[in-house]
Amino acid sequence: MDAVTLVAMADALSDELTEGVARDRPGDAEPSGLGEFLTRARAVDDDREVLAVAAALLRLRNVVDHGLACAVAAAERMAIPARKRVRSGAALLMGLGAAPAVAMRAARLGSAVDRVEVVSRGMRDGAVSAEFGDAVVRGMSHVDRRVDGISDAEREAVITSLMVQTTPAQVAAKAREWAIAMSPEEADEGRPPVAEDAELNEMTLRRSDDGRVEATLDLDVLAGEELFSAIDPLCRPVPDADGSPDPRSAAQRRADALGEVVRTYLSGSNRPESGGVLPHVTLIVPVAATGLVVRDEGARRAAEGTAGAVVERVDVTAVSEESGAEGTAEERAGRAGASGGDGRGRLPRVPTLGFCGAVSARTAELVMCEAAVCASLVSGEGVPLFVGREARLMTPGIRKALAIRDRGCAFPGCGAPVSHCDAHHAVEWKDGGPTSLDNGVLLCRRHHGWIHRLGWEVYIGADRHPWFVPPVDPEHPDRDREPMRSNARRTLTCLPGAA
1 MDAVTLVAMA DALSDELTEG VARDRPGDAE PSGLGEFLTR ARAVDDDREV LAVAAALLRL
61 RNVVDHGLAC AVAAAERMAI PARKRVRSGA ALLMGLGAAP AVAMRAARLG SAVDRVEVVS
121 RGMRDGAVSA EFGDAVVRGM SHVDRRVDGI SDAEREAVIT SLMVQTTPAQ VAAKAREWAI
181 AMSPEEADEG RPPVAEDAEL NEMTLRRSDD GRVEATLDLD VLAGEELFSA IDPLCRPVPD
241 ADGSPDPRSA AQRRADALGE VVRTYLSGSN RPESGGVLPH VTLIVPVAAT GLVVRDEGAR
301 RAAEGTAGAV VERVDVTAVS EESGAEGTAE ERAGRAGASG GDGRGRLPRV PTLGFCGAVS
361 ARTAELVMCE AAVCASLVSG EGVPLFVGRE ARLMTPGIRK ALAIRDRGCA FPGCGAPVSH
421 CDAHHAVEWK DGGPTSLDNG VLLCRRHHGW IHRLGWEVYI GADRHPWFVP PVDPEHPDRD
481 REPMRSNARR TLTCLPGAA
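The opening position of the sequence shown corresponds to residue 1 in full-length UniProt numbering, with each subsequent residue numbered one higher.
As structure tokens, then:
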């Protein structure tokens, strides 16, 4: 069999899989073939045949992958990549149109044809996939790097153990177990396993073009275990208020859980200082967005004696320009720039985060629910003239009372722990709402965002419990918006004595 025969086989299979092509078969009254059968296969009647076709194609794929690995090994042995002026057999395959992952895998398998014969034999017989075989090869390579002078009997035992695993991920885990078990004890001090080497840890944080933050992590196994332990309890699906399943994907739930861990850390006091203060999220907003009134004498009096104010997880500075700043309002706005400041300390015209820049008013409102707001009067060039006292934040006593009443996130069906919740003003503080038990409600960050962004409303009923009003249904705008009781509320009645 040569390349011409292989091409003919591929063409024949391609024709078989093409729908609507007549075959030169005796008795064929209409187009027939494998593709036609798979398109017209009927449930139950053709189950066995469809599964048999899938199994046969899978075996064929495994055999073809083995042949490709052998071809790459032959090409490298004959120095074809060097003559074609490419770096390796994998690069040679990429030049022929193979995806990088496929090309690299074929090259690894080709180089291991003689070293791991059981994998090569299994692929040749069609019983072992390229992905599984590659996992065994890489697992054995990991053991070889960690263990010096491994004997043939030990190698056979390791390979046999790896071959009976179910998935490539399990193969990799088993290989790490073998490497640790076979390593001499004294090797632990001088050369830690790659998975346990904290010096290899890396993390990148970058701003994307649309303003989001992208991160990548490469952690040692202990730090990774701690990360898993921290976010795992927070990754559980939370049904929606109507009982429907959590619409978030697993990746979204993990991201939300990481945000909860970070917010919990920032809310604590036992953490390293940054610039002489506990690290916190910094948000600068125009004073008009906070409801604060800044007057010269009043602000000066309020500024007196404010040293040592406690900074919570978020620090908001509300800024107002000096009334006597030179130029018209339009000129001052031009100096500041439409994007929230020109980078030289001038007053921002939109809410601005310390690291990540401008944010929308809705996000600023969400942040300010859990913020200590400090009013500052600044000059037209952004120079602070005096600073007022902090205001707005729910006191520890009020938060304790909210925790007793709401027992966690009050949104229907949620109940996230109290430590993961923000204290939200039912009537916004900037709209005159008081900072009190009867105007507060505990919400996790996800459902807090629903209140600010998705049209949900919350009010404190006559029973002094939170009640939630769903947003207007765009398909049925006239439908009544029936209030929903909070998660901790056990009865539907609004009577003051009800629980």
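Where is the CB? At the ideal position from N, CA and C, for every residue including glycine.
Note that the structure is a prediction, hence the values are computed from the model and not measured.
Legend entry - Boundaries of the beta strand (DSSP E) in which VAL469 is found, first to last residue: 466-469
Inset, instruction - Output the boundary residues of the alpha helix (DSSP H) element that contains LEU60. - result: Per DSSP, LEU60 belongs to the alpha helix (DSSP H) from 47-77.
Inset, instruction - Could you tell me whether the region 106-114 touches the region 127-143, using the rule of 3 or more Cβ pairs below 8 Å? - result: yes
Inset, instruction - With GLU36 as the anchor, note down where its beta strand (DSSP E) starts and where it stops. - result: Unbroken run through GLU36 is the alpha helix (DSSP H), 34-40; no beta strand (DSSP E).
Legend entry - Where LYS174 falls, given that 16 or more other Cβ within 10 Å makes a residue buried: buried
Inset, instruction - Would you kindly check if the distance between the Cβ of PHE411 and the Cβ of CYS444 is under 9 Å? - result: yes
Inset, instruction - Can you grab the Cα-Cα spacing for the pair LEU6 / VAL63, in whole Å? - result: 13 Å
Inset, instruction - Classify HIS424 as helix, strand or coil using the three-state DSSP reduction. - result: strand
Inset, instruction - List the endpoints of the continuous alpha helix (DSSP H) containing GLY5. - result: Just to set this straight, residue 5 is Thr in the shown sequence, not Gly. Element bounds for THR5: 3-17.
Inset, instruction - Report the rounded CA-to-CA distance for GLY149 versus ASP114, giving the unit in angstroms. - result: 18 Å
Inset, instruction - Could you tell me the boundaries of the alpha helix (DSSP H) in which ALA257 lies? - result: Run containing ALA257: 250-267, per the alpha helix (DSSP H) assignment.
Legend entry - Per-residue DSSP class, three states only, for LEU454: coil
Legend entry - Member of ARG453, ASP463 and GLU76 whose CA lies at the smallest distance from the CA of PRO470: ARG453
Legend entry - From ASN201, PRO237 and ARG83, residue whose alpha carbon lies closest to that of residue 511: Absent from the model: residue 511. The displayed extent of the chain is 1 to 499, so no value can be given.
Inset, instruction - List the residues that DSSP assigns as beta-bridge partners of ASP218. - result: Answer by DSSP bridge pairing, in chain order: GLU202.
Legend entry - Cβ contact (3+ pairs, closer than 8 Å) linking the region 241-261 and the region 412-432: yes
Legend entry - Cβ contact (3+ pairs, closer than 8 Å) linking the region 164-181 and the region 139-156: yes
Inset, instruction - Report yes if the CB atom of SER486 is closer than 9 Å to the CB atom of HIS465, and no otherwise. - result: yes
Inset, instruction - May I ask you to report which of helix, strand or coil DSSP gives THR363? - result: helix
Legend entry - Those residues which DSSP pairs with LEU443 across a bridge: ASP422
Inset, instruction - Look up ARG207 in the DSSP assignment and give the residues it is bridged to. - result: As computed with DSSP, ARG207 is found in a beta bridge with VAL213.
Inset, instruction - Whole angstroms is fine: what's the gap from GLU475's alpha carbon to VAL53's? - result: 46 Å
Legend entry - Local Cβ density within 10 Å of PRO81, reported as buried at 16 or more and exposed below that: buried
Inset, instruction - In the DSSP assignment, find the unbroken alpha helix (DSSP H) run with HIS142 in it and report its ends. - result: 130-146
Inset, instruction - Identify whether ILE150 lies in helix, strand or coil by the three-state DSSP scheme. - result: coil
Inset, instruction - With DSSP as the reference, please indicate the residues paired to ARG485 in a beta bridge. - result: Its beta-bridge partners are TRP467.
Legend entry - CA-to-CA distance, PRO351 to ALA336, given in whole angstroms: With a pLDDT of 41 at ALA336, under the threshold of 50, the modelled position of this residue cannot be trusted, and the question is left open.
Legend entry - When THR204, LEU51, ALA215 and ASP220 are compared against ASP197, the one with the closest alpha-carbon: ASP220
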